[in-house]
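J.:
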Amino acid sequence: MRALVIGLGQPAAGDDGVGVAVLERLRADGVPPGVELVRAVEPTALVELLAAQVPVVLIDAVASAAPGEVLELGPDELAGRGAPPYSTHGLDVERAIALARALSPRITPSLRIVGVGIARPPRRATGLSPAVAAAVPRAAERVRALVEG
Amino acid sequence: MSDGTRTIRVDHLARVEGEGGLVLKVRGDRVEDVRLDIFEPPRFFEALLRGRACAEAPDITARICGICPVAYQMSAVHAVERALGVVVPEPLRALRRLLYCAEWIESHTLHIHLLHAPDFLGYPDAVSMARVHRDAVQRGLAIKQAGNALMALLGGREIHPINVRVGGFYKVPARSDLAPFVERLDRARDAALETVRWVASFDFPELERDWELVALRHPTDYPLNEGRIVSTRGLDIDAADYEAHVAEEQVPHSTALHARIVGRGSYLVGPLARYALNADRLSPLARQAARDAGLGPACRNPFRSVVVRAVEVVWACDEALRLIAAWEPPDAPAVPVTLRAGIGQACTEAPRGLLYHRYRLDADGTILDAKIVPPTSQNQRTIEEDLAAFVPRHLALSDDDLRGRCEQAIRNHDPCISCATHFLQLRVERA
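As you go down the protein sequences, you meet chains P and F in turn. Counting in our numbering, the first sequence runs without a single skipped number right up to 150 at its last residue. Counting in our numbering, the second sequence runs without a single skipped number right up to 436 at its last residue.
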């Protein structure tokens, strides 16, 4: 394995599933050899994945950006974005990364986050809103550039 | 403070599920007021169930909670089945127990290792604890992942499973689907035994509480989906009679309702209650783990709930392995269901305790009305009483230390505020 791409999100919560939608798009279009695509449904699963000794790209929805905006972040920029703790029991992505660092002497040598802006997800919705769906190909291209680069 | 009152507030309780706070008013050595404020907005699930098909109840109510969706599915599906006169035979009954074991493993393990252990070991959160107690946290994550994976297989996905239906399941696993879990659950069970030894070594504040403990009791099994509702003070009723014995009332400081036993008062549901009423139904290995951890036939120190929870993880791994070994897939994933008018009530044992559902159905199976009583709203008053009993002995502590102990005391019962709203921040006011 040369790189690991992790899609985060809950498709049963509307736009929160965009990370998974981008992952599916990459899977459909094909990725370079050695790039593994993995879906993480909840952040405790992320802790183990981040210990991979290859570059990791994480795709997730970002509630503090305009819906459809595609952004690239380093892990230390998460706090500044004020990512809201939607995850159950408060283990959000930022804490999952902190926990992975606390647990492993070495986590991934490079972690980049490709975020897609969404409005606050409703309690019960399936499928992406038009603005977020339109951002999926752009986000997929950004991920591809990171793993090919 | 000038009027001699000391107030301690926790404006936002961390490491509990949902949004709530605590206000504690102390005058001298007397606790004048203790209130769990639950300000997570009410969610009106009971209202949105009205007019929906009864077949939808398990999937709609699963959305109430991301950490215990199976509990909601189980109480919903059994209540609807009782309204329709459907009894789910073996092996579907066994498969429902297996799905529930996966949720207990996942939910209890998260609470023990990431939410409650930092209180005992003096860390503000799991991340700072993990830097020192790396092995324990990794062990917890590995146990939890075993539960998650089993849940994903049986429920269709890890969160908000979708495979449970009135009459059984949509799809049942082949023996070969479950075979890979044997080794994984075997490792999880060994890890869970290690966790029992770990938590049993914690320092526990002294506190004995004379709660009325309420749980299901089944003729042969440690309770999950079936059994009569029994208590340490003689309650012994069918779920159909729950509302005649348990009253819910609104309190101004909470969006969750408070429950009490009619004619008596507060009570406790959850691991401590299940253990006190069903320790004889644990597997031999779990019983031995409980004895080795120093637990007697009942445990009335709320802080030791973490030990009981760890014993229940051992049991859940053991039970899951037993169920997998015996698994023979049925010819059909569900039994036929005929719609009819009726009322059905069911209680099942969510990780946090008894979860009651009632549905009244029209002849075509439409839900006319629904009632849901989650474990946290049953425990809310008891949690306040635990604090009222605990705080007077610890008034010498600084406000910050007292606040920490109060939060720990609340986490003893792993409250799920998101579930309870119709639940937590801590403020202590001292005089």
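Positions of the beta carbon are idealized from the N, C-alpha and C atoms, including for glycine.
(1) According to DSSP, simplified to helix, strand and coil, what is P:G18?
(2) Could one say the Cβ of F:V132 lies closer than 9 angstroms to chain P's Cβ atoms, at least one of them?
(3) Can you check whether the C-beta of F:I348 is within less than 9 angstroms of a C-beta belonging to chain P?
(4) Could you please give the first and the last residue of the uninterrupted beta strand (DSSP E) stretch that includes F:T371?
(5) Give the residues of chain P in contact with F:I164, contact being defined as C-beta atoms less than 9 angstroms apart.
(6) Residues of chain P with CB closer than 7 angstroms to the CB of F:V142, please, in chain order.
(7) Determine which residues share a DSSP beta bridge with P:L38 and list them.
(8) Can you tell me where the alpha helix (DSSP H) with F:A205 in it begins and where it stops?
(9) Could you give the C-beta distance for F:F395 and F:A375, rounded to a whole number, given that I count them as a contact under 8 angstroms?
(10) Could you say which of F:I348, F:A60 and F:V169 lies nearest to F:R102 if we only look at CA atoms?
(11) Is F:I72 closer than 9 angstroms to F:C322 when the C-beta atoms are compared?
(12) Along chain F, in chain order, which residues have C-beta atoms closer than 8 angstroms to that of P:E149?
(13) My assumption, with CB atoms under 8 angstroms, is that F:G358 sits in contact with F:N384. Please give the rounded CB distance.
(14) Determine contact between the region 112 to 123 of chain F and the region 362 to 369 of chain F, defined as no fewer than three beta-carbon pairs at a distance below 8 angstroms.
(15) In chain order, which beta strand (DSSP E) runs of at least 3 residues are fully inside the region 224 to 283 of chain F?
(16) So, is the C-beta of P:R96 closer than 9 angstroms to a C-beta in chain F?
(17) Let's test the definition: count the other Cβ atoms within 10 Å of the Cβ of P:E78 and tell me whether it reaches 16, buried, or not, exposed.
(18) Using only alpha-carbon positions, find the residue among P:V133, P:I114, P:A141 and P:E95 that is nearest to F:V132.
(19) Can you pull the chain P residues whose beta carbon is under 8 angstroms from the beta carbon of F:A135, in chain order?
(20) Since F:Q350 sits in a beta bridge, which residues does DSSP pair it with?
(21) In whole angstroms, what is the alpha-carbon distance linking F:A346 and P:R40?
(22) Quick one: using the 10 Å Cβ neighbour count with 16 as the cut-off for buried, is F:Y272 buried or exposed?
(23) Under DSSP, the beta strand (DSSP E) around P:V117 begins and ends at which residues?
(24) How would you label F:D174, buried or exposed, when you count the other beta carbons within 10 angstroms and need 16 or more for buried?
(25) Under 9 angstroms between the Cβ atoms of F:L27 and F:R40?
(26) Could you tell me the distance, in whole angstroms, from the CA atom of F:V316 to the CA atom of F:W216?
(27) Under 7 angstroms Cβ-Cβ, which residues of chain F neighbour P:V48?
(28) Going by C-alpha distance, which of F:A154, F:G172 and F:V171 is nearest F:I164?
(29) Please decide whether F:N153 counts as near chain P, where near means a Cβ-Cβ distance under 9 angstroms.
(30) Whose Cβ in chain P lies nearer than 9 angstroms to the Cβ of F:R139?
(31) Taking only three categories from DSSP, how would you classify F:F174?
(32) Measuring straight from C-alpha to C-alpha, what distance separates F:A249 and F:I242?
(33) Roughly how many whole angstroms lie between the Cα atoms of F:P420 and F:T381?
(34) What is the rounded straight-line gap between the Cα of F:A278 and the Cα of F:V219?
(35) Are the C-beta of F:A355 and some C-beta of chain P separated by less than 9 angstroms?
(36) Assign P:T45 to one of two classes, buried (16 or more other C-beta atoms within 10 Å of its C-beta) or exposed (fewer than that).
T.: According to the structure data:
(1) Stepping through the first sequence from its first residue, residue 18 of chain P is reached at position 17. Three-state DSSP puts P:G18 in a helix.
(2) Residue numbering aside, residue 132 of chain F sits at position 127 when the second sequence is read from its first letter. Yes, because at least one Cβ of chain P sits closer than 9 angstroms to the Cβ of F:V132.
(3) Taking the first residue of the second sequence as position 1, residue 348 of chain F is located at position 343. For F:I348, the closest Cβ of chain P is not nearer than 9 angstroms.
(4) On the second sequence, residue 371 of chain F is found 366 positions in, with the first residue counted as 1. Premise fails: F:T371 is in no beta strand (DSSP E) and is neither H nor E.
(5) If you number the second sequence from 1, residue 164 of chain F lands on position 159. Within chain P, the residues near F:I164 are Q11, A13, V42, E43 and T89.
(6) For the purposes of this step, residue 142 of chain F is taken as the residue at position 137 of the second sequence. Close to F:V142, with beta-carbon spacing below 7 angstroms, are these residues of chain P in chain order: L104.
(7) Locating residue 38 of chain P in the first sequence gives position 37, counting from the first residue. Paired residue(s): P:V6.
(8) As a first step, residue 205 of chain F is located in the second sequence; it is residue number 200 there, counting from the start. Taken as a continuous stretch (DSSP letters only), the alpha helix (DSSP H) holding F:A205 covers R180 to A205.
(9) Position 390 of the second sequence holds residue 395 of chain F. Position 370 of the second sequence holds residue 375 of chain F. Actually they are not in contact, since the Cβ atoms of F:F395 and F:A375 sit about 36 angstroms apart, beyond 8 angstroms.
(10) Walking along the second sequence from the start, residue 102 of chain F turns up at place 97. Nearest option by C-alpha distance: F:V169.
(11) Here residue 322 of chain F is taken as the residue at index 317 of the second sequence, counted from 1. Here residue 72 of chain F is taken as the residue at index 67 of the second sequence, counted from 1. Cβ distance not < 9 angstroms, so F:C322 and F:I72 don't count as in contact.
(12) Counting from 1 along the first sequence, the entry for residue 149 of chain P is found at position 148. Here the premise fails: no neighbours, minimum Cβ distance about 31 angstroms.
(13) Here residue 358 of chain F refers to the residue found at position 353 when the second sequence is read from its first residue. Here residue 384 of chain F refers to the residue found at position 379 when the second sequence is read from its first residue. Indeed, because the Cβ distance is near 7 angstroms, the residues count as touching under 8 angstroms.
(14) no
(15) 233 to 236, 251 to 254 and 263 to 266
(16) Residue 96 of chain P sits at position 95 when you count from the first residue of the first sequence. Yes - at least one Cβ of chain F is within 9 angstroms of the one on P:R96.
(17) Translated into positions along the first sequence, residue 78 of chain P becomes position 77. P:E78 should be labelled exposed.
(18) The residue given as residue 132 of chain F occupies position 127 in the second sequence. Of P:V133, P:I114, P:A141 and P:E95, the residue nearest in Cα terms is P:E95.
(19) For the purposes of this step, residue 135 of chain F is identified with residue 130 of the second sequence, where counting begins at 1. Annotation: Cβ neighbours of F:A135 in chain P (cutoff 8 angstroms, chain order): L100, A103 and L104.
(20) In the second sequence, residue 350 of chain F corresponds to position 345, counting from 1. DSSP lists F:R363 as partners of F:Q350.
(21) Counted from its first residue, the second sequence places residue 346 of chain F at position 341. Counted from its first residue, the first sequence places residue 40 of chain P at position 39. If you take the alpha carbons of F:A346 and P:R40, they lie about 43 angstroms apart.
(22) The residue given as residue 272 of chain F occupies position 267 in the second sequence. Within a 10 Å sphere around the beta-carbon of F:Y272 sit 16 or more other beta-carbons, which makes this residue buried.
(23) Working through the first sequence from its first residue, we reach residue 117 of chain P at position 116. Note, P:V117: beta strand (DSSP E), L112 to G118.
(24) One-based indexing of the second sequence puts residue 174 of chain F at position 169. In the sequence as displayed, the identity of residue 174 of chain F is Phe instead of Asp. With 16 or more other Cβ atoms within 10 Å, it is buried.
(25) Working through the second sequence from its first residue, we reach residue 27 of chain F at position 22. Working through the second sequence from its first residue, we reach residue 40 of chain F at position 35. Yes.
(26) By 1-based counting over the second sequence, the position of residue 316 of chain F is 311. By 1-based counting over the second sequence, the position of residue 216 of chain F is 211. F:V316 and F:W216: Cα-Cα distance of roughly 21 angstroms.
(27) Position 47 of the first sequence, counted from the start, is the residue given in the question as residue 48 of chain P. Per Cβ cutoff of 7 angstroms: L146.
(28) The residue labelled residue 164 of chain F in the question sits at position 159 within the second sequence. The candidate whose alpha carbon is nearest that of F:I164 is F:A154.
(29) As a first step, residue 153 of chain F must be located in the second sequence, where it is residue number 148. It does; some Cβ of chain P falls within 9 angstroms.
(30) Taking the second sequence and counting its residues from 1, the one referred to as residue 139 of chain F is at position 134. A103, L104 and S105, listed in chain order.
(31) Residue 174 of chain F sits at position 169 when you count from the first residue of the second sequence. Note: F:F174 maps to strand in three-state DSSP.
(32) Translated into positions along the second sequence, residue 249 of chain F becomes position 244. Translated into positions along the second sequence, residue 242 of chain F becomes position 237. F:A249 and F:I242: Cα-Cα distance of roughly 10 angstroms.
(33) Working through the second sequence from its first residue, we reach residue 420 of chain F at position 415. Working through the second sequence from its first residue, we reach residue 381 of chain F at position 376. Their backbone Cα atoms lie some 5 angstroms apart in a straight line.
(34) Against the second sequence, residue 278 of chain F aligns to sequence position 273. Against the second sequence, residue 219 of chain F aligns to sequence position 214. Taking the straight line from one Cα to the other gives about 6 angstroms.
(35) Stepping through the second sequence from its first residue, residue 355 of chain F is reached at position 350. Not one chain P Cβ lies under 9 angstroms of F:A355.
(36) Stepping through the first sequence from its first residue, residue 45 of chain P is reached at position 44. Under the 10 Å beta carbon count, P:T45 is surrounded by 16 or more other beta carbons and is classified as buried.
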